[in-house]
Structure formats: structure tokens, C-alpha cells
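Participant: Residue numbers (the working numbering): 316 to 1409.
Can you keep this structure in mind? I'll have questions shortly.
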RNA sequence: GCUGGGGUGGCGAAAUGGCAGACGCGCUAGCCUUAGGAGCUAGUGGGAGAAAUCCCGUGGGAGUUCAACUCUCCCCCCCAGCACCA
């Protein structure tokens, strides 16, 4: 027998398989389809390391298994080749991204192929090739045409190093996911996809998917649904003009942003009714200059950004403006009046003389830039402050409002704010602070926790008040950066008594705290008894310890002093009396009391009676330890111990919910945010909070609202190596889609693709200058490219029909193959990619292009293989295990088996250079056994058969369940058994088929080369196990005495308890242990064990 | 802080509430070999014992059960994600 030369044998079969196309997938097959997908790799310059192929190997095993089980399997490979790292690397080595990407793909492909993966290479795709990105552009335009892709001026995350915008999902700890540079906020005109329209469906459609729970949870968290109410607080004194009937929705912030969306443009025309046709020279110069210097804007000759009108453009001659439905017509020469009017109505107006523009255009641009930056953000006012709350039931406890520092209203209210200087300072400092804060937290992770309470900052808007719609009280309005401008309405009603953050803020700035929810603790039970009582927390002034009564474990452990009110007694008296009676201490100083607490419990010390009490928590300090004589109630005598416990001990030992609440209230100073019964809430007193939510919302004129954390997906990128945005800007026609016939808009090769604050494509006149598809006039292309997540949000559709030139994929093919049956993906992609792909699928479904709503039915994550040192494999650590080396030394089959054997598939762990030899030995033994095969065995020992069918069952089930490690161990057990005696061909063949998906090369070599079969083992049918064979005739009966195993012996299957007992009692061992005594009880588990309880 | 996942021999790990540690690495002894970082055989959780056998053992503590790695409660530690989301 020749030793197994993996190098030549593996290469040989890889060539033969490729030539004979045995892994070619048919589109029209009678077999049931199975679509397996894996994350298509981003081909980096570094090449593959042994961490990468884990998912591929698992999928390959599964694909081979499915084929052997009669499925037509779609299983293929592609390249997510666009993206920043390639571009950056190209810059570094002085080559073009095209060249670099090509070389990377070539290297990746070579390495991937070494593993003998059974891809259908005919279906290979590459996102950076125009045949592919033509359809990425097409999808963009579909979104654009249906209003789901739009532009808006927005604060975006800007990476100063990579010179591009990042999606929220691409920021890790405030830093760029790719390069690690600190991300800053920048305001730009950006393309967005309206993924928020799908928020609800992105949540509800998760039901029924076979995904890891963890991943579902993350998707849910990212969408972040909360149900609550939107409530309006009137500003006092009222603002003019106040909104008219029916205008509430939009206020007068309707046309806040300049946008290139044609629909919005129309609306703008409705407002500004007439405009100059011909620009002056000065206007032309300024216009050109703005275009060049203000990135992110697409300027038109009439330029309005919100309440900002660039005066030079619009109305040298005359201007007709509509404000709140009234038409105002200004004639030439009425400049003064016109400006005054516009300013009064909240427009920002700057005027420049022609001379100034012609003289120093850049200075003018700078001024405009500055003005643009101060543009307000957030919801419009209409004289009210809108807040979103999940707790409308606490409205009566709202003692102040807080706006986010970037709230639009602040600018609007500017003239009335008496302390504007301070406010402005605060706004500016909070803009910078976020970055600084992050840096600080980075260096000292404990500092955050320690300062959590004090770190809230804010400032009151003096001169501004709001009216609480429930209490009609006038309440102060603050701004603070603990309120986010980007969530909800950018404003909150603060209920310090029932929200921890508001509580901390109120404490710090001495704002009123009003409790309106009386807590309910314990489990609700029928009130068999009803009692007023107290819980007294006594703190020893000397050492800060707390007075506790220890009732012992059975009776509820440590509590504080408590008791019921006697007739005519007030709570404080009652508490003092109880403290004296139970502990003897008498030098008590009353500090404060809690609101009423509704508590339900079972009184174990009184014989298990269900009780419903109303308790008051009282907080005392003990001034000295003098005692009176103890007078105990007779039934409590000796049942408890008086103890002084530290606050930390109290936190751990005090279990009872009521007592715990009192502790948290006084010692930890926590706001109560649970459910309860309303108090101090007018007519709503006595209602439970769940019920009060709707009632109070209605009463306050609010409306119930569902709020999501999900933001729209920002897709504009200011870099080169990506899909060009297929949009044309025409001065006349506005924003125009590139006609479908003209797709793809090809990414041109550039001499200089380095970013300089401007997209590289903007530097190519050849690319930029284009005729307007609508009017034929001069126009410009969009110089930006799409986020690469757009490329990967639909690639799984393309695999169904990768060569199609007329559509992104043919409908019949999509309907045959999709949705994806199994998707294996790294756990790191669980938010962004999956969310985007699901969104695109839903969108195309709504367009009637797809007949399914969810793209991925079953999802599994592979755990990450780390370097031998336990760190992520990286050049930086020098711990990269290179597949070329591993395969050269051990061969692909060994590498495959080992990665699967390392541990559970979803779990990661360090690579171990030693353990891999175990697999090598196993395969060597298989090779050896193959050369000792003898003809069919004549006698089939029953036990052998059973063992075989059991193993068969286990391996089949394990592969289906992605438990490759235990499947392999089962294969090893089989091999050990085979090896210990003669190798019979019939059994060995079955074994070989079971091994084939794992070790495709060696099994093929044995199958064809040694056993002389004509066809490939990979086209064989998966062996079936016989259920009858699994039914063993005997089993080993476990004998337990008091739950401990004392004996075991072989008995026939399905014996009765009686038989089992008599056999058991006749055992020597059992007799020895039992002696003359009889067991009290016998537990018999059929076909398993018998337990004698003595 | 919140959420999710974990904690089992020297190591990677197995175990529908029913024999804890399958399988593999490593280690020990023996065989074979000119040689071994090769192969084969046996052993291998800890402790006691010559042995049969016994006791202890799945992060810690309680509980449910005839029986708990597995279920319930509390605590500790590790990993991942989120992080003032009203």
C-alpha cells in the first residue's frame, strides 16, 4: 500500500471534478431545490487565513450531504469587490483599484479552490463588474422612482481619514469601523434609502424565521420599537403666528430643506411663486462658486434652503411668497419691506451687493456657509413643543421639559430667550463634547460609571415656559444633551419621580420632583385582608449600617422593621412604636417618607394568609444606641434576630419586594419606573398605569404613537471605488434618473482617485458632463458612489440568474431558487447587512418583482477561529495561520475535518497546531483500512447492525443540525470499530459515503482508485438507516440505590417492572448493599433504569 | 448600566431531568524500531485502598425531584452587542 499523497491526489480530483462539472447546478431540475448561501468574501490584499474557510467548509459538507439526499443544490461563490480597503491599499501601493481588486480576487479564488469546495463556478459574480452593478444602479433607480431613495441635508457621520460618510452601522465606539479614525459630524446633502418605512415589517416578519435567537433580538433592538404617545405642550406666552386649523401636522416647517427630489421642488414652487429667469453676472459667479465650494448641495438658480433664501438668486426684480396661505407680492424696489417680512416669518435673509460678490466671492461663500451651519434642525414648532413619551400615565408628574441642544425650536425662540449667550455657549460646547466625552471614557472606563449621576448638564431657557396640558401649570423649559435630537421629537417631558435620568437631572438642578405613581409590588392576589402599615428603614448615624430583622430563610430572610397601624395612629408613631417593640432602639430622628406602596404578599409568619397592604416607607436615623426593654408580640417571640447590616449586605439579603423598594428609594435614591396606581393626577387617581396611559393621552389632546430607533440608510459615499449613483442634475429639469437603457453608468478609470474633500469622480469632466436625458441641455452626473452594503443587499438574488443581461434575474428562476434555504454568515454581520438585505427584498416584493418577503429562511453563524494565542488572526499579531501552509502539510481533507472537529460550529476558539494530528491519524487509518477490505461478510452480527444504524442516524441528524464535531466523533467511533477486526466491503462502503462530504478527496480516491467504482462517490445516494434495526433486543439496566449507580446488567428489552425488580433483587451486589431491609420505594423507568429508595 | 451567550479533566469538548467526562489532543507505561516529533497496545477527573470497592466532583449558595451539568431563585466571573432611545 502506497502512503497517501494528499498533494497530488487532491489536485488530481479537483481537476477532474472541474472538468466533468459534477457540481454544475441545473435550473430546471425535477429534484427539489435547496439554496445554500454564504457571505461572499471581501477579497482583501492579505488573502485568506484559516479563520475564513470555516463557514465555507461547513456549507460544502452540507451541500454535498444535500446532493446525496436528492436535492438540486444551488451553492456558489462571488466577490464583494468594491470598497474602501481596496481603494486605500491601491493608493498605498500606487496601483489602480481595478488592478488591485483583480489580483485579490485571483488570489482568493486560488486559495478557496484548494479546499475542494463544490461550488458551481459558472455562477460566480463580482460586484465591481458592470454586468453586476448595472443592476445595483437599476435597484437604486427603482427606489428613487418610488420615492424610497431621496436626498436630504443631514448631519452625517464623516470619517476625516477616509474622507467619506459612514452609516450608523459602520461606526464602532465613535470610530470608523475600517480605519479607526474618530468620526465627526458634518452637514451634507445626502442620498438616503427610506428603510424606516419598513420598520414595522422588519420586526414582524422576523417571526417564523429559523434564525439564532440572538440575531433576531439584535435586529429587533436595532429597529427599536417603542409604543407611547406624542403630547403637545403649549409655549407660554404663545407664539405668533400660531398654526391654523388643520395645519398642525406640518406647522410651517413644511419646506424646510432644499432638496433635489422633484416632488419637493414642486412644493417649493408653491411657496415661492415667481422667480427671475436670467441671472446677473454676479449671481452666475456666486452660483458657480457655491457649487464648487459647498459639497453636498446641488445648487439651482433659485435656491431656498428651509427658511434661508439666498437673496441674490430669487428676487432682484420681484418675489411672490406664500406664508400660511396668504400671498405676498413684492415689487422691485420694495427690498427693505420684503426683507423685514421674510425675517419676521423666520426666513434667514442675507444680502450681498453685486460689487462684493464680484470682488471677493469666497468671502461671500464663507458667510453663506456659516449661515447654513446655523440652520435649525428637528421638528417645527407651531407654538407648541411636541414630546414623545412611553409613559403618558405620568403626565401629571412632568415638572419641566427638556429639548435637545440641536432642537430647531431654540433658533426660533432665540429672540425671546433672555440668557441667549449662555444657551449658545451650551449648544456649542455640547457639539464638541460628544467627541471629548468619548475619548475620556475610552481611557478610563470606570470614570463613566462613577460620574453617571453628576455628568448630566443642561441650561434653562429663561423667558420661555411651557404649559403642562394636564395640570395646566407653567413649567420651565431646559436644554440638555441627555436628550437626543435624532430620536422621537427631540424633546421630552421630564418626570423626575419616575425616570432615572430625569431624576438625576432634577436633583442636580433642584427641579421639582412629583410622584404620581404609587408602586405596586408583589404578586396580585385576592385581598383576604387589607391593612395600613409601615416599613421603617433605620440607619445608624455612627456607621451607616441598617437595622434589620432576620426572620430566617423559611420566613423570608432579612427585612426591615415593619408593622400595621393601630387605630388612630399615624405612620411615624407606628414606626417608632414598632422599632421600639422589636428592637428596643429609641433615639430616632425622622428624615423622610415615601409615597403609598401597594403591596401584595403571603404572610408566612402569620400562617400563609394572602395580604394586600398599603405601606408607607419611613426613613429614620438612629442618633445613639440606647435601648428600652423589649416587649414582643407573643406570636413573634424568638422567631427573629435583630441585626445591623451594611448597605451592600442589604442589597443582597433583602429579598422582599416591598422592603427592597424602600431600600432603593431611600438609600440608592432610585426613581420608580415600574407600574402602579396613579396619585396626584386629578380625575385619574386610583387608576392603574396601563389603563391610564390611553386615558391621559386622550385627555391631554395627544395621540398614541409608535417610535422606532431605526434611521434611514445613508448611502452616499464620497469615494471612488464603488457604484456610481445613476443620477443626473439638470438646471432646468432638476434631479433626473439615468434612463434604464443608458445603464450601467460605468465607473471610469481615473488618473487621480485620491479623495480631497470632494468625490474623486467630480474631477473627471468626461464623466461629469452629460446631456440631460429629458431636455437635452447641459447637465452633470452625481459624482458620489454607493455604500458597498447596497451591493451586498441583493447579491443572493443574482446567483439565481447571474448572466442575465435584461433583468437583475429572471422571474421563473427567482421563483424556483429563492428564498435562500440556508445562510451561513459571520456573527459580526448580524445588524447592517441582514437589515439592508431584508429591506431590499421587501421593497422588490412590493414592486411585484419577488414572491417572497424574507430572503433568508434559515440562518447560522460560524464562530471565529482565532490565532493560537487566542487573539484575532491578524498580521499585526503575527498569529495568522495560512491555508497554503496547512494544506501543504496536512492536505485539504485534514484541514476540513479539523476545523469542523474543533468544537461546536457557532463557537469560536484558538487554532491548535497539535490537535490537528488527531485528524491526520484518523484519515491515515481510513486509508489503511481501505487496502484491507475483504468481500462481503456472510454473517451479520446483530449488535454490529444496530451499531451501524445508530451511527448512521446520528451522523445524518448531526449534519442537518450543523453539529459537525459530534458527527465526526461518531465517524471515528465507527472507524475504531472497523479497524479492530476485519474490514468488510459492504460496511466500509457505507462508512465511506458518510465520510465523503467531510473528506471529498480521499473518499473519492478510495472509491474509484481502490474500490474500482466507475462513478463518483459524490453522486452516490446517502445511506438510509433502518428504524427496525435501531430497536435493540436488549439493553443495560442501570440499578440505582438512593439515586446512586450500584450495578448494571444486560436484560431483554421491554421487560416489566416486576421482572426487572426480581432480577435486581437477585443480584449479589444489591443484596450486599440492601442487607435484610426492603426498599421503601422503587422507581422503574422502562428500558432504562431502576432506582431503589431505601 | 441594559440585553444576549457562556462557566464541565492539563487542553478542545460530549451528555431527550436517568451511568458526567463520548471523541480528539496531551500525558504515563509497555511493544516495535538503527532511530523517532512515526506506528501499535493499555491506562489516564480528584482522593483512599493491595484489590474488590468506597468517598468527593459540572463557577458559588439555596430550592424542586426517587434522580439535576440539565429545571427555579440568588450571587460571582468571562465573552459579545448596545449604550442617556424618553
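Even for Gly, the Cβ is constructed at its ideal location relative to N, Cα and C.
Could you please give the first and the last residue of the uninterrupted beta strand (DSSP E) stretch that includes residue 1349?
Facilitator: Taking the first chain and counting its residues from 1, one reaches residue 1349 at position 1034. From DSSP, the beta strand (DSSP E) with residue 1349 extends over 1349-1356.
Participant: How far does the alpha helix (DSSP H) with residue 815 in it reach, from first residue to last?
Facilitator: Counted from its first residue, the first chain places residue 815 at position 500. 815-824 is the extent of the alpha helix (DSSP H) around residue 815.
Participant: Under 8 angstroms, do residue 1382 and residue 1364 count as touching if we go by C-beta distance?
Facilitator: Along the first chain, read from residue 1 onward, the residue named residue 1382 stands at position 1067. Along the first chain, read from residue 1 onward, the residue named residue 1364 stands at position 1049. Taking 8 angstroms as the Cβ cut-off, residue 1382 and residue 1364 qualify as a contacting pair.
Participant: According to DSSP, which residues form a beta bridge with residue 1019?
Facilitator: Position 704 of the first chain, counted from the start, is the residue given in the question as residue 1019. In DSSP, residue 1019 forms a bridge with 544.
Participant: Are the segment 536-550 and the segment 1015-1024 in contact at 8 angstroms, needing three or more beta carbon pairs?
Facilitator: Yes: at least three Cβ pairs fall under 8 angstroms.
Participant: Look up residue 526 in the DSSP assignment and say whether it is helix, strand or coil.
Facilitator: To locate residue 526, count along the first chain from 1; it is residue 211. Note: residue 526 maps to coil in three-state DSSP.
Participant: Can you look up residue 536 in the DSSP assignment and give me helix, strand or coil?
Facilitator: Reading the first chain from its first residue, position 221 is the one you call residue 536. Residue 536: helix per DSSP, three-state reduction.
Participant: Between the C-alpha atoms of residue 850 and residue 1139, what's the straight-line distance to the nearest angstrom?
Facilitator: Here residue 850 is taken as the residue at index 535 of the first chain, counted from 1. Here residue 1139 is taken as the residue at index 824 of the first chain, counted from 1. The straight-line gap from Cα to Cα measures roughly 56 angstroms.
Participant: Among residues of its own chain, excluding the 5 on either side of residue 433, which ones have a beta-carbon nearer than 7 angstroms to its beta-carbon?
Facilitator: Numbered from 1 along the first chain, position 118 holds the residue referred to as residue 433. 338, 375, 378, 379, 390, listed in sequence order.
Participant: At which residues does the alpha helix (DSSP H) containing residue 1160 begin and terminate?
Facilitator: As a working note, residue 1160 is residue 845 in the first chain. First-last of the alpha helix (DSSP H) with residue 1160: 1147-1161.
Participant: In three-state DSSP terms, what is residue 848?
Facilitator: In the first chain, the residue the question calls residue 848 occupies position 533. It is a strand residue.
Participant: Taking Cβ positions, are residue 830 and residue 712 nearer each other than 8 angstroms?
Facilitator: Within the first chain, residue 830 is the residue found at index 515, counting from 1. Within the first chain, residue 712 is the residue found at index 397, counting from 1. Contact flag set, yes.
Participant: Look up residue 831 in the DSSP assignment and say whether it is helix, strand or coil.
Facilitator: Within the first chain, numbered from 1, the residue matching residue 831 stands at position 516. Note: residue 831 maps to coil in three-state DSSP.
Participant: Take residue 1041 as the anchor and find which of 996, 1076, 1047, 1274 has the nearest alpha-carbon.
Facilitator: Here residue 1041 is taken as the residue at index 726 of the first chain, counted from 1. Here the closest residue by C-alpha is 1076.
Participant: For the alpha helix (DSSP H) that residue 437 lies in, which residues bound it at each end?
Facilitator: The residue given as residue 437 occupies position 122 in the first chain. Careful: residue 437 lies outside any alpha helix (DSSP H) and carries neither H nor E.
Participant: Expressed to the nearest angstrom, what Euclidean distance is found between the alpha-carbon atoms of residue 857 and residue 872?
Facilitator: Residue 857 sits at position 542 when you count from the first residue of the first chain. Residue 872 sits at position 557 when you count from the first residue of the first chain. Near 25 angstroms, if we compare the C-alpha coordinates of residue 872 and residue 857.
Participant: Just to confirm my understanding: we take residue 796, look at its own chain, exclude 5 residues before and 5 after, and list those with CB closer than 6 angstroms. What are they?
Facilitator: By 1-based counting over the first chain, the position of residue 796 is 481. Around residue 796: 720, 745.
Participant: Where do the ends of the alpha helix (DSSP H) carrying residue 1112 lie?
Facilitator: What you label residue 1112 is simply residue 797 of the first chain in a count that begins at 1. First-last of the alpha helix (DSSP H) with residue 1112: 1110-1113.
Participant: What would DSSP say about residue 1125, mapped onto helix, strand or coil?
Facilitator: Indexing the first chain from 1 puts residue 1125 at position 810. Correct three-state label for residue 1125: coil.
Participant: Could you give the distance in angstroms between the alpha-carbon of residue 396 and the alpha-carbon of residue 1007?
Facilitator: Mapped onto the first chain, residue 396 falls at position 81. Mapped onto the first chain, residue 1007 falls at position 692. Each residue's Cα considered, the two are about 55 angstroms apart.
Participant: Measure the Cβ-Cβ separation of residue 793 and residue 900 and say whether it is below 8 angstroms.
Facilitator: Taking the first chain and counting its residues from 1, the one referred to as residue 793 is at position 478. Taking the first chain and counting its residues from 1, the one referred to as residue 900 is at position 585. The answer is no: Cβ separation not under 8 angstroms.
Participant: Answer yes or no: do residue 875 and residue 906 have a C-beta to C-beta separation smaller than 8 angstroms?
Facilitator: Counted from its first residue, the first chain places residue 875 at position 560. Counted from its first residue, the first chain places residue 906 at position 591. No, Cβ-Cβ distance for residue 875 and residue 906 is not below 8 angstroms.
Participant: So, does the segment 1081-1100 touch the segment 1033-1052, judging by three or more C-beta pairs under 8 angstroms?
Facilitator: Yes: at least three Cβ pairs fall under 8 angstroms.
Participant: Residues bridged to residue 1364 by DSSP?
Facilitator: Here residue 1364 refers to the residue found at position 1049 of the first chain. Beta-bridge pairing links residue 1364 to 1352.
Participant: Is there contact here, the segment 363-375 with the segment 995-1005, by at least three beta-carbon pairs under 8 angstroms?
Facilitator: Too few Cβ pairs lie closer than 8 angstroms, so no.
Participant: Given that a residue counts as buried once 16 or more other Cβ atoms are within 10 Å of its Cβ, and exposed if not, what is residue 1054?
Facilitator: The residue labelled residue 1054 in the question sits at position 739 within the first chain. Per the 10 Å Cβ criterion, exposed.
Participant: Residue ranges of each alpha helix (DSSP H) run of no fewer than 4 residues wholly in the segment 351-418, ordered along the chain?
Facilitator: The segment 351-418 contains these whole alpha helix (DSSP H) runs: 368-383, 399-408.
Participant: Taking the continuous alpha helix (DSSP H) assigned at residue 1087, which residues delimit it?
Facilitator: Looking up residue 1087 in the first chain gives position 772. Premise fails: residue 1087 is in no alpha helix (DSSP H) and is neither H nor E.
Participant: Please state whether DSSP places residue 1285 in a helix, a strand or coil.
Facilitator: For the purposes of this step, residue 1285 is identified with residue 970 of the first chain, where counting begins at 1. Reduced to three states, the DSSP call for residue 1285 is helix.
Participant: Is it a yes or a no for the segment 1077-1088 touching the segment 1122-1136, going by three-plus beta-carbon pairs under 8 angstroms?
Facilitator: Taking 8 angstroms as the limit for Cβ pairs, the verdict is that the segment 1122-1136 does not touch the segment 1077-1088.
Participant: Find out if the Cβ-Cβ distance for the pair residue 1036, residue 454 is shorter than 8 angstroms.
Facilitator: Here residue 1036 refers to the residue found at position 721 when the first chain is read from its first residue. Here residue 454 refers to the residue found at position 139 when the first chain is read from its first residue. Not closer than 8 angstroms, so no.
Participant: For residue 810 and residue 772, what's the separation of their Cα atoms in angstroms?
Facilitator: Reading the first chain from its first residue, position 495 is the one you call residue 810. Reading the first chain from its first residue, position 457 is the one you call residue 772. Their Cα atoms are separated by approximately 17 angstroms.
Participant: Excluding the 5 residues preceding and the 5 following residue 437 in the sequence, name in chain order all residues of the same chain whose CB lies nearer than 7 angstroms to its CB.
Facilitator: Residue mapping note: residue 437 aligns to position 122 of the first chain, counting from 1. Cβ within range, chain order: 339.
Participant: Taking all protein chains shown into account, do 16 or more other C-beta atoms lie within 10 angstroms of the C-beta of residue 457, making it buried, or fewer, making it exposed?
Facilitator: To locate residue 457, count along the first chain from 1; it is residue 142. Classification of residue 457: buried, given that the 10 Å Cβ count is 16 or more.
Participant: Less than 8 angstroms separating the beta-carbons of residue 520 and residue 1128?
Facilitator: Position 205 of the first chain, counted from the start, is the residue given in the question as residue 520. Position 813 of the first chain, counted from the start, is the residue given in the question as residue 1128. No.
Participant: Mind checking residue 504: buried by the 16 CB within 10 Å criterion, or exposed?
Facilitator: For the purposes of this step, residue 504 is taken as residue 189 along the first chain, with counting starting at 1. Classification of residue 504: buried, given that the 10 Å Cβ count is 16 or more.
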